[in-house]
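Under mature numbering (1 follows the signal peptide of the UniProt record, and there is no 0), the letters of the sequence shown match residues -20 to -1, 1 to 95, in that order. Quick reminder that beta carbons are idealized off the backbone N, C-alpha and C, glycines included.
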Amino acid sequence: MSRLIACLLVFLPIIRSTVARKPSYCSRVADHFFPCITYLIEFEPRPANGCCGGIEELNRMAKHNSRAPENICQCIEDMDYVMDVPFVASRIQSLPNECRTHFSFPISVAMKCSG
């Protein structure tokens, strides 16, 4: 586990600098979404501390304007691409229940961001 955490900590600055939408916007998305990654790749049985709060913050960001949900999705897609570690579909589906919330932005294994 410590190796994965160390690896993720090494990749976080790379992820934050690589995301292409609006760098500061995607950095904020990465900060809020990053705690969920170990759950979404089935490394942890429950979302990490900060994950559910991060999803709530992303939901608030998604309500900011009509393009925000797609932009958030695109930032997450860029993170997933850089990390090259696939999210598990069942974990994506169970995350809202685990956090007692919903997604106000699209997210799936296929990461199809445009509606």
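Rounded C-alpha distance that separates residue i from residue j
i, j, result
"Phe85", "Asn39", "7 angstroms"
"residue 97", "Ser46", "Limits of the chain in this structure are -20 at one end and 95 at the other, which puts residue 97 out of reach."
"Glu22", "Val68", "7 angstroms"
"Lys43", "Pro49", "8 angstroms"
"Gly33", "Lys92", "24 angstroms"
"residue 103", "Ile72", "Shown here, the chain extends from -20 to 95; a query on residue 103 therefore has no answer."
"Glu8", "Ile35", "Reading off the sequence, residue 8 comes out as Arg, not Glu. Straight-line Cα distance between these residues: approximately 12 angstroms."
"Met63", "Ser4", "19 angstroms"
Assigned exposure category for residue i - 16 Cβ within 10 Å defines buried
i, result
"Glu57", "buried"
"Asn51", "buried"
"His12", "buried"
"Gln54", "buried"
Contact check, residue i vs residue j, beta carbons under 8 angstroms
i, j, result
"Ala10", "Tyr19", "no"
"Leu75", "Cys16", "yes"
Cβ shell of residue i (< 8 angstroms), same chain only, five flanking positions each side left out
i, result
"Cys79", "Pro27, Cys31, Cys32, Ile35 and Glu36"
"Ser88", "Ala69 and Ile72"
Same chain, Cβ closer than 7 angstroms to residue i, five either side skipped, listed in chain order
i, result
"Met41", "Ala48 and Ile52"
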